[in-house]
Structure formats: C-alpha cells, structure tokens
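If you use the UniProt record's numbering, the sequence shown closes out at 1260, no skipped numbers anywhere.
Following: one structure in structure tokens, then a few remarks.
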Amino acid sequence: MANLYELGPQQDHDASAYTQLPGAASTDAAHNNLAGAKPQTYNDGVERPGRHPSRWIYELLNNKTTNIGPFEKARQYQVDIPYDWDHEHRLVLNGNQSYSTPSTRVLSSLCIECHFHFVFKMKWNEHCQDNLCNPLQASWPMEESKYPWHHLVWAGSTDDADLLEERSKYYPLLSREQFVCVAPPCTFQITVEVLEPRMGSWWAQLLTDHDAIRKELYNAKARDPERYEGANEGWITQAPLNLNTYLKNLLESPTNDLRSISKRNKRFSVLFGPRSFRIFRDLEFSETVVMLDDEDDGQFTPRAPEPASGPSGTTEPGTYRAYVEDVRAEVQCIIHRTGQATEKPTFITSALYADLGSKDAPGAKSHALTDLERYRLLGILPNLPREATVNAYFRQWDLIPSQRKAMVNGLVAIANDYGDEALSEFAMTQSSIFESLMERMQASENNELNQALKFFDLSPPNRYTADQIIASFRLTLAGRPGQAATARDMLMVIAGASSDPEYQTRLLMESDSNMTLDTSKALFNVPPNEVMDSQAWIQAGRSKLKSCTSRQEKLLYLSALNTIADVTDDARLKQGAAELQERFAPAGEEDDGNDVPADINIPVGLNNIGNTCYLNSLLQYLFTVKAVRDIAFNYSDYRLELTDEQIAERKIGGNKMTMDRAEAVVAQAFVHELADLFNKLKSHNQAATRPSQRLANAVLLSTHSLLEDLKSKEASASTLPPPLPVRPPSKPPSPVVEDTEMASERNHSSQDSETVSNGSSETLVDLVTVMSDKPVSEEQPSSTHPDRNPNETTIRVVDESIAETSATVTGEPTKNSDADVIMSDLVDEKQQQTIDEKVLDALGHQKRSSGTDQQDVEEVIGSIINRLQAAIHPSSVDEKTGIQFEKIMETFFVTTVNYTKKFDDHTYQSEISYDRSITAFPAADGPCSLYDALGRNFDQQVLEESRLTRYTAIKSLPPVLHVLIQRSQSIGRKNDNPVVIPETLYLDRYMDAPHDSPEFKRRTEQWVVGEWLADLKQQKVRLNADPKTGALLDEIRRRDESQTSDWASAIAEARSAIASLDDQFVFDGHTTEDLITLSDQDIDSNMTDSAINTSHKPAIELNEMATIEELTRAQLEDDIAIYGQRLEQLVTGMEKNPYRLQAVICHRGHLSSGHYWVWIHDFEANVWRWYNDAAVKENQNTQEVLETLSKSGEPYYLCYVRDSDKGQHVNVPKREPPVVPEPAGEPLVETAEDADGDIQVNDASKDHPLPTLTADEIET
C-alpha cells in the first residue's frame, strides 16, 4: 500500500450520512463477524473505548496504557531491570523471530532504551480477507457501512495464574493483552506480549563498568607486561562487542564446531574475568576449572542451541536459541546506545503501522492537541484525514454510549481544530440531530421531572437556570402556602435530575425548611430589595395568619417571620413575632427550630446563613483562642489608629504588606462584628445564633469587590431609567442586605497573593488569603495598588459613628482618578460620602451571590487572620528586617527555613518564611501517618531537571499551630486517603539544626529510611489492591538469588560513594544512592546485625507456606517492620516540642462543594464537641474521636496547641446565664439599624465603639 490514506472515489453518496446519527441505518446482522475474541468486547456490559491504529500505537509506545489495556500491572512488578522504562519506546527488530503467513503475522521487538520486549501477534481469517478494513473504502461523505481503518478495542488479558505457568527463564512473560477490531465484518485481532529484559541490572552494569575493566587492564599489564603489551585503552569499552561476537558465533556455528572460551584468553580475562563468570553461567556455558600456578586455566564451552524450527525457518519463542537471540539483541542495544555500532538498528515502528493499516504519525507526542480529551475520547490523533476521524466516531458510538454527547461535542471541536468546512458541516449536523433527539427523549422519559416543572408552572424540558427555578418556587409558596411541603419535594426532584453539582446544591439548599431571607420575604409578596419597618412586618404577618386555613400555612408564615426577625436582628420584630407565635401557633406544635431553648452546658451553635458552614466552623474554633478573644473584647488596647501616617507605616506579615484606608476600615468593622458574635456565643439564651451578614461579608468579600459594587450601583443610579414593575428575576437581583446563599467569589486575585511574589509591593486591597509570608531578606519598597493612579487624591475619611459630622478632604481631580475620588467641583461637599462610610455601607448592603461554590477553609482563615492583623497596631518591630510583630503573628505564625542547594555546590542557600500553617500531604494511595504526610513537605526533595536539592526546617514554633492537610490534587480531584492523626504531635524531627550537628546527621538518615519505608508501604497498598499479583511478584523478586538491598548495605554504599568528599553534607542525587554522609558511629548500635539481616530472609520453600503469595506478603511485612523499627529508633527521644490536638475542621464532598464541621477539644472538661452549624454534640471518648477522624479523608485542617502552656492560649468559654429580659409592657428601645439589621448602631457604639478620629485628624 503506497498510501495508506489513499481514498476511494470522491463522489457524494447518500445524503443520509449527514442526517442521521450512527447506528440509525439498518445493517445486515450477518455482516457482523463475531469470530475470535470479538464477543468478549460486547458480552460483559463494560464500556471500553476503541482506538484508531495510530492512536493505539502512540499510547502503547508512550505508556499511556490506562486507555488501551491494563499493562499497568507490569509496571507494578518489582522487576530487576537495567534501565527505566517510563519513556517513549523505540522498538527494534529482535533476532530471527518475526514471520508472516496467510493468516498471521508475528513481529518480535525490544525497546532499544529499556530492553523490554514487545511481541505483536496478529491474526485474521484468511477466508475473509476481503472483509478486512481497507483504506480504499474511504470516501466523503463517510458512510457508516464502510470500514477503511481498524478500530482496536481491548478484549481481555491472561490472568496471573496462567502467566505464571507459562513464565520461564527463556520467556519471562509479564503481560498478555488482546485487542480486536470492532468493525463488524473485520476479523483482525492483535495480541501484545510484554516481557522483561533477559539481562538484569547487574549484568548490564558488568558490561559497562569501564572503571573496573580499566583497573583489570592495569593489573594485567603490571603482572605480565610482555603478554599484555598490545592491550590499550580501547579495550575498556569493548565488553559488549566481545560478548556480541561470542553469541553471534554460538548462533551461526554448526553444532559440531562450537568454540570454547579460554579463561586465560587475554581479552576475555581483562574484559570479563572472574567477576563476570556469572554471565556465562547464566548463558548455560559449561565451565571447567583447571588450576595451574594458582591460576584458573579452564574454559567456558557454549551449549549448542537447537535448530530454528518455527515458520519459514524462524526461531521458536521460549527455546534456548530464542533466549540467546534475546540476550544478543539486548547487547546490541547497548552497542547502539554507546555509538559503537557500524550499522543502524532496524526499527519496526513503520512496519507496525503498515501491519495495522495506518500511516506513521511522527511528532504526535509533541503535538499540542494530542492529549486533549476530545482526541482521546474519539481515539484518534490530530491531523488525521476527516474520513479517519468520522470512521473513529462511527465505531466509538456503540462502544461508549454514555459518552455520546461528549463525542458529538468533541467532533465539533475537532472540526474547528482542523479548519475543515466539510467536517464542520457534518459535525454541526450531528450535533443538531443529537440535541433534538435528547429533547424528545427527555420529554418522554422524564415524566417525574416534567411533573415537577409543571407544578411550578414551568414548561418542559428543563432549560431553566437555578435562579429561575428558585423564583418560581417562591412564587408557588406565596400563592399556595398550604402546599409548601409538596413544593419542596418537587424542588428536590428537579435537583436530583441535574448532573450539575452546583445546580443541585442551590436547589437543595432552597428546599430546606429553614427559609432564606429572600424566600421569607417572597412569602409575603415583598421584593428582596424592599425594606420594611418592624411594624409593617408584624401587620403583614398578622394579616396572613388570620387568613390561614391550615396548620401548615400558619407554621410556614410564623417560620418566615422568625427568619426575618433573626436575620435583621430587629428587637421589636422579634417581640412581635413571639406574640404572634403565642397567639397563632397551632396547639401542640413548635416553631421551626429557629428559637430552640438552650442547654446552658452546651456551647451556642451557629446557623448557616447561606453556604457558610466553613466560616461557622472557623468562628467556633477561633472563639476558643484567647488571643483572638482578647483582641475582640479589648479592642481599644490593640486598635490601629486610622490616620494616614499609621496606615502607611503599618506593614503586615513577613512580606511587610501595605494596605490602604478602605482595608483598614473593613478590618476594624470586622473586629467589632466579631466581638458582637463572641458576646452572643457567651450569653445567647437559645441553642444557636447567627453570624451577621456584615461579618460574613467582611471575611468573604474583598474590599475591592465591596467598592466596585458601590461604583456600579452609583453608575447605574445615575444612568438607568426608572425601574420596571417587579417580577421574578431570571438573574440574581441587585445587591441588597439579606441572608443569601454564598457564592464562591474569591477574595483575591492571583497577583494579590503573597504566594505569587516574594516582593512586598502589593497592597491588601484585594489580598484576603495569604498562604504564607514568603522569604524575607531586606526591606523592599512598597507601592500602591497597581490599579490606582499614583497621583490620585487621598481622601480622608472618618468612622461611621461620627460620619454625620465628618469632613471630607478632597483634592484636584486627575485624568485617571479612581472612581472613589469625589470631585469637589462636581458634587456638593455636604452630600459626599467618605471612604469609611462607603466601605461600611457596602458591608451592610453588599449581597453575596447565592451560588454554592465554597471557599477553602485555608482561604477563609487567611482572610480572618489578615483582617485581624490589619485592624491592630504592631507590638514590636524587628530592627534588622523591619517586620512588624503583633499578637496574631505571635500566636499563629510558624517560622520556617527553606534550604536549597545546586548539585555542584557544597553550601545551602536559605530563605526564611512566616506561615500561618504548615502543610501535610496525604499518600497517593492508602492511609499514612501525619508524620509521613508532613515529611512530604519537610523532607529533602531532589529536583532532577533543575539539578537542585531542597528541604524545609522549622526555625520557631508559635503557641498555636495549624496544619493544613492538602487534599487538592493537580488532577482536579480531592485526595480522600486517610491521615492518622495523633493526639500529641512532636515536631522535633522537623526543627532546624546546623549542618555539622548530630541532629542533622540523624535527620538525613531519617530521610533515607523514610523513603524506603514509604516505597515498601506503597508496594503493600498495590499488592492489597490487586491480590492476584502476589504470586507473580514473588516469583519475580526471587528470580535473582543475590539481591542485597538491605538497609545496612545501602548505608555502606552511600558512605563509600562519598568517602572522597570533604566533610560537607552533600545532597546531589537520590537519597538512596549518594546523599548520605554517615560514619560508623552514626549507625545506631541497637540496629544489630541480626536485626538487619531479618529484613531480607532467604527464600522459603513452597511447602513451608501455603502459597508464594503468602511468602511475598510475609516478607513485605517483615521489611516494613524492620524499617519502621529503625525509623522509630531515629526519632526516639525527640519529644521536646509536644503539641496537643485541640480542633479538627472536617470536609465531606468534592473540591468545589460539600459540607464543613469542626471537632473541638475542651481540655478543662475533657470532652470533644462536634459543631455542625447550629448543632452541637459531645463525645467524651478521645480515642473514639481520633479513630473516627483517622479512618476517613474528612479531616482537612488541624489545630494544635503547645502542650506545656495550652491553658494560657486556648479554652472553651462557659456560657453565661442569660440576661433576664425586660417586661413586655416596657417600651422598646428605639434603635437605628443598618439596612439588613445585622447590627444596632446604638448598641455597637456603646459596647464596642466604632473607630473615631481626633480633632486634629478631622482638621487635617
């Protein structure tokens, strides 16, 4: 076939190819040939995608085997191989083992890089050759009944038990996988066998150990200069060449003319000698020993291989001759790689493509589109002809029916990639037909969903947004309040029919009986942004309750009134709602739980005010931290003065971040709101209270977003026409203050995060989450916000409590002034709002989106810590670095040192960081201890590409230590593997130590032993995950009787490798090789020879254990025990820094959604409490709590406290007795409220006065 993509006649065929989906046309059942392994692809009900031959070859050669067959198990076997095989395989022809017949084709090959053998065995029905796929059948438009190219699907594999029976020295089989072409008439199938290299790592090392050969050459010339006069340096690299010659002669010589090799042969004794005799014994050469003058004058005589007896005179696999050919092929690979070959190797890739009826695909690995999901889904490579693309689409249709929508969309995208108009026309037609079909199917199949939609007066199908569904739900509640339970059920039906997690969560949260503020207002036909006084609400409630005809209606209206009163914190409305409750509540019925009487011995819970479970968890925890409570309750002692000088001089964190006035105002308002909440948590007389919206907005919204929203509203107010009559919104309504469900609006941009830059030039306007204070060295100049004009006028602002009497400082407008700047020549000064007023007003009126994406606990606690830091003045300043320390840094921030060293250097570069938490990484598979997880952060890492080594140490610890269990993965999924959490955490092993100290030497040994132990545990996890691999794994590991991988020999190897170095601690490579400098005294005397030797026991006979698999498991357990024991010995006595577990914040769900709660340990009462929003429960069994937490992937954020003085830093405040309420007849105190009622200005100013300015400040 000169051109495998040569197409048939290019005339147009039946237009139905465009106007119907695959499988719509009738086909002749007899035309579907189900011979061979093909039925296996249909009978088990498992969806398996197929591959175009070019894609199949690409994925095989690049180890992307998860998509084309379970070759992964071959990688899991601990095979003794000379070279890594995780690379693109370049296959060369192997020996005399390839042949063709009329119905078969065998192609035997091996990878020139890693020496793994790949044998391709193809077969087909020779009587149905005309039915094989043929590129000449291609035409455009493609017809589904034409089959130009194979489409290969995995059809099964040989199980381990059968592999073990077939496995031998001559044919060390690892994996056998079958694939078939799924084109109906085609009988083509291919079997791929993967075999391990015949030469072990020790063998390849002997052939290429030039230093050893050079040494032997010098010794020989010294012993007998005359005999070795002609020997030269050229001999040093010739061991592979000589062995190739021996094997060539063995294979080509007649049986009666085999040449023996004298052990005293000059070249043989230098290149091989006694150290390499094992090679020839493995080759089954017979050995004779003849001692003359204390020298062995014997010889090696080769074994005669049997004649080649395979088809067409080829060598039969699994024979001794095939084994010798295999070894010779591997030797030739070494020769080719070292550049000694006189001829180029015979690569078989082009032949493989031709055998599969495809063209070679050079450059596929580097093509930017190759690994995109759409190409993997259709099983093709980029730039195939459109006919091949559509053929793959046709074949894939029935293989993965659950992915049909994605395939149609992928086809459209691929056509766009190609810029192919004809393919685009076909793809768009397919997309249109598919969508139409889906609509018809939904209309006929989703009767329950349709009924739910009709209940809300919506017409099927469901193309409505969550906002539209929720608006219809609220209208239904208002119009049919007696059917509230049914409406909630219908809402859950709609949610359950969606595959969008965010869509589902929003509807499910709306269906909760604890209504949101918007829903409660809608029940009274009040728009979300309308503000009513308490008397109006009481009158509306009374009117509705009088007209109720059922108990359910009364309960619904009473619940709505309680929600409105609770959210707005309106004392008059609360009293009125209570009176209505007493008068109208049905006999024997309770309210909806908003006012559940409190158990004074149980802490106050926090109601969820719209996807705030993560904020609630953190607030409950921070309430137990004395430093945070002290700032909140005694804020006047810590308050940062709101002057330009004080704000400009304030530098936050190790990066010395600057902030602007708006940021400072928000921070101070946050502290006041926090104090108000903490007061409620101390003395609230109900089971739960609510955090205010102002507090939530201060934490969860950036100052930048608060101001931007006001700008947009001001612009809208000046340009928009009068509003239209109110109707149910299709999008979220304009921002108003209410209890909304929270969205995932991030509080920062990437350029604002300290994790992005080591500089200190960013302001805190957008910075809410600070992952860590990055390295500090010297003072760096700060700058203003990048979006702000440096020449803009700074506006002096005042506190809300004195806003009415404040003066606004204005200046000349600039061309690019920020929208916050108010031009004195445009607006009357008396009508201007100050920055302070704007920010505080935004806190009370900004509406968080009602989406369901959650912010990460680490982000939210970062926001809280940032707000606290921005609100207080520093207590001290480091004279050298200029870093300002305050109560928050002193309480939470850990100081770490990041050490980095180039491979060629002998000294480390170091950087100091200030972090609010340390990070622990769970294992990729299975459970691990918290120490293992922390080790992945602190232990040494080798960066091969950058030629760097690095590790992290703790320089100083705070009294309260946070540990983030990093469960986010690069693949976009959550790592749910358990981390075993200790009640007491000892951090000595991670503490900083001089590089010439015994402590550092011990730590280097911990790294090595820990790495090996982790590898062993990983093997155990894999073994348990696939028990069948046990027997084969054991047989592989026992193949080489001379394995010596025990701990002591590795340490000795490491010591020897660096014996010539100076007394520096050099870390230039993998820890198991040459990274450790240890003296004899460094090896713990407790690690006796007997203990070391037990780590690798000699092979046990089969009759000593039931199965080989049991032997493997037992040996693995022994290894883990030995290395674990050694690691324990290394950390024994390192208990100077104990920290006690005080709180665990947990998360259940996905990365972007789910639910949070927190466990908090009350040390004084010796009880654990579970805070789940409004619910609080107790558990006095610490062991039970720890076991529960350590068995799941739910723990996310751990809070430890220094054990020695934990009582000085944390405790759980006891709830104070409730204050006796005033008599009902007393007039209610008139209060001024913000728009959402979250705070009462008179109370706030009395108990926690808002920021005020001095007379001098006002004057300036």
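Cβ atoms here follow ideal geometry from the backbone N, Cα and C, with glycine treated the same way.
- Exposure of Met-291 is indicated by the presence of fewer than 16 other C-beta atoms within 10 angstroms of its C-beta.
- If you check the CB distance, Leu-399 and Arg-48 come in under 9 angstroms.
- Burial is judged here by how many other beta carbons sit within 10 angstroms of a residue's own beta carbon; Thr-1112 has at least 16 and is buried.
- Of Gly-1193, Ile-912, Ala-478, Thr-1182, the smallest CA-CA separation from Asn-977 is found for Gly-1193.
- Beyond the five residues adjoining it in sequence on each side, Leu-934 comes within less than 6 angstroms, by CB distance, of Ala-920 in the same chain, given in chain order.
- Bounds of the beta strand (DSSP E) holding Phe-179 are 173-181.
- In this structure, DSSP gives Leu-458 a state outside helix and strand, which the three-state scheme calls coil.
- Separation of the CB atoms of Ala-577 and Asn-562 is rounded to 5 angstroms, and the pair is thereby assigned contact status at 8 angstroms.
- Cβ-Cβ separation between Asp-355 and Arg-105: approximately 6 angstroms, consistent with a contact (criterion under 8 angstroms).
- By the neighbour-count criterion, in which 16 or more other beta carbons inside 10 Å mark a residue as buried, Gly-95 falls on the buried side.
- Taking 9 angstroms as the cut-off, the beta carbon of Cys-111 is found no closer than this to the beta carbon of Trp-149.
- For Asn-898, DSSP records a beta bridge to Glu-911, Thr-952.
- Beta-bridge annotation (DSSP): Ala-924 is not paired with any residue.
- Secondary structure of Lys-554 (DSSP, three-state): helix.
- Here Tyr-99 is bridged, per DSSP, to Val-106.
- Within the same chain, and ignoring the five residues on either side of Pro-1138 in sequence, the residues whose Cβ sits closer than 6 angstroms to its Cβ are Thr-984, Tyr-986, Asp-1203.
- When DSSP assignments are scanned along the segment 184-222, the uninterrupted stretches of alpha helix (DSSP H) that are 4 or more residues long and fall wholly within it turn out to be 201-208.
- At the C-beta level, Thr-314 and Tyr-99 come within 9 angstroms of one another.
- Take the alpha-carbon of Trp-154 and the one of Ile-888: they are about 59 angstroms apart.
- In this structure, the beta-carbon distance from Phe-179 to Trp-124 does not fall below 9 angstroms.
- In this chain, Met-492 is not harboured by any beta strand (DSSP E); it is covered by the alpha helix (DSSP H) spanning 484-496.
- For the 9 angstroms CB-CB criterion, Tyr-1171 and Val-1185 do not form a contact.
- Residue burial annotation: His-127 is exposed, with fewer than 16 other C-beta atoms found within 10 angstroms of its C-beta.
- Rounded to the nearest whole angstrom, the C-alpha separation of Leu-964 and Leu-523 is 43 angstroms.
- Residue Ala-627 holds the alpha-carbon nearest to the alpha-carbon of Pro-959 among Pro-994, Ala-627, Pro-274, Asp-905.
- Here the alpha carbons of Ser-109 and Leu-174 stand approximately 15 angstroms from one another.
- When secondary structure is reduced to three states using DSSP, Arg-51 falls in the strand class.
- For the pair Asp-904 and Arg-947, the CB atoms are nearer than the 9 angstroms cut-off.
- Contact holds between the segment 651-665 and the segment 875-894, because three or more Cβ pairs, one in each stretch, are under 8 angstroms apart.
- Nearest neighbour of Asn-607 by Cα position, chosen from Asn-616, Asn-601, Asp-599, turns out to be Asn-616.
- Each of Pro-311, Ser-168, Gly-273 was checked against the Cα of Glu-295, and the nearest Cα belongs to Gly-273.
- Take Tyr-503, set aside five residues on each side of it, and the residues of its chain with a beta-carbon closer than 6 angstroms to its own are Ala-466, in chain order.
- Between Pro-481 and Leu-580, the CB-CB gap reaches or exceeds 9 angstroms.
- In the three-state reduction of the DSSP assignment, Cys-111 falls in the strand class, which pools E and B.
- If you look at Met-407, you'll find it in the alpha helix (DSSP H) that goes 404-418.
- Between Leu-507 and Ile-469, the CB-CB gap stays under 9 angstroms.
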